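Taking it in order: structure first as structure tokens, then the write-up.
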Amino acid sequence: MVEPVSLSMSIKRKPAVAVAAAGFEKAAAEPSASAEEVFEVDGGHVGKKAAELATGEAYESMPIEEFGKAMLRGMGWKEGEGINGKAEVVPVEYVPRPQLLGLSATPAAEAGGGGKGKKFIKPGESREPKKDMIYIDKETGKQKWVKKVGEELVERGATGFAAGAPVAIPAPRPWVREHIRVRVVDKRLEGGALYNKKGSVVDVSGAQTLSLRLDDPPGRLVEGLSTSAVETVLPKQRGAPVLILAGEHKLRRGQLYERRTKEARAVVRLTGDFSLVEVSFDDAAEWVGPDEEFE
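Here this note's numbering is used: the first residue of the sequence shown is 19, the next is one more, and so on.
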């Protein structure tokens, strides 16, 4: 007769289930022990074989993970700790990604039920479209494709514009300055008579309107032009004065050092420190104002 073994188990709702797990746990801890064991359950000794106590019904009603936990506990494992004293490894699972979906792409909405053919619903299915569930990292707020087991998925938010939703359209940035040269690009002005005409800005009455003195015919003043109707003009000759209109060096003057027409880029030597900076054609214009301004 094997010495009685004391297990700290409390059997209340399903005693046969608990004894079955205890039998697995003890068998893992003492593989050479006899099948005739003595268990202590709620302070009382049970001298029957584990196989007699753990009936077939008890085994069927017990979750499979409980058998595994009982066997691991018998081998010295404790919940919340890793095996062999190592840190616990948190299992992860992969969030399925729609087939052929490109990076940063959003899956298209499923087509509605407007087809001609009838769809037969199988048991467990629904006529409602399947929700597009994604995982969002709480720390970074970004979508990830790998998550820890137990972390919840959220439904992907709608993209694009919704009917009736307010839409904010930001106003174009004011870039036009007095004493710079520009070109008219709006073909609708005066039936196209002003198209491709160049001139100097003489007044900026508002954030989006300007007055332009044309080169041809000389001296003609055109008022009330929209800033969207003109574009910047850069000089062609090296060393000509230019004004930077946007970016890190905004409102700094300099001299044209190099034009890169294919790339629509210009290199400007700044006045003062003589450093070279590269800007786009849209962010600089020929300066025709007094030399002492913006010094």
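Glycine included, each C-beta is placed from N, C-alpha and C at the ideal position. On a predicted model such as this, the values are computed, not experimentally measured, just so you know.
Boundaries around residue 242 are those of the beta strand (DSSP E), 239-244, since no alpha helix (DSSP H) includes it.
Per DSSP, the continuous beta strand (DSSP E) segment holding residue 111 begins and ends at 110-112. According to the DSSP secondary-structure assignment, residue 202 is paired through a beta bridge with 248. C-alpha of residue 162 to C-alpha of residue 232: approximately 57 Å in a straight line. According to the DSSP secondary-structure assignment, residue 216 is paired through a beta bridge with 201. Residue 210 and residue 203 have their C-alpha atoms roughly 9 Å apart. In the structure shown, residue 156 falls within a coil segment according to DSSP collapsed to helix, strand and coil. Note on geometry: alpha-carbon atoms of residue 158 and residue 75 lie some 48 Å from one another. Cβ-Cβ separation between residue 217 and residue 200: approximately 7 Å, consistent with a contact (criterion under 8 Å). A direct Cα-Cα distance of roughly 11 Å separates residue 112 from residue 169. Boundaries of the beta strand (DSSP E) harbouring residue 231: 227-232, taken from the DSSP string. In the DSSP annotation of this structure, residue 302 is not part of any alpha helix (DSSP H); the continuous beta strand (DSSP E) holding it starts and ends at 302-304. Between residue 228 and residue 234, the C-beta gap is not smaller than 8 Å, which leaves the two residues out of contact. Under the DSSP assignment, residue 262 falls in the beta strand (DSSP E) whose first and last residues are 259-262. In this structure residue 252 touches residue 277 by the C-beta definition: roughly 7 Å separates them, less than 8 Å. Bounds of the alpha helix (DSSP H) holding residue 83 are 82-92.
Between residue 219 and residue 249, the C-beta spacing is not below 8 Å.
When DSSP states are grouped into helix, strand and coil, residue 76 belongs to the helix group.
Residue pairing by DSSP puts residue 288 in a beta bridge opposite 272. The bridge partners DSSP lists for residue 298 are 283. Using a 10 angstroms sphere on the CB of residue 80, the tally of other CB atoms reaches 16 or more, which defines it as buried. Residue pairing of residue 161 in beta bridges, as defined by DSSP: 154. Assigned with DSSP and collapsed to three states, residue 173 falls in strand. Relative to the Cα of residue 207, the nearest Cα in the group 303, 281 and 245 belongs to 245. Here the alpha carbons of residue 149 and residue 185 stand approximately 26 Å from one another. For residue 309, DSSP assigns no beta-bridge partner whatsoever. Looking from the CA of residue 171, the closest CA among 181, 255, 183 and 156 belongs to 156. In this structure, the alpha-carbon of residue 89 lies about 24 Å from that of residue 166.
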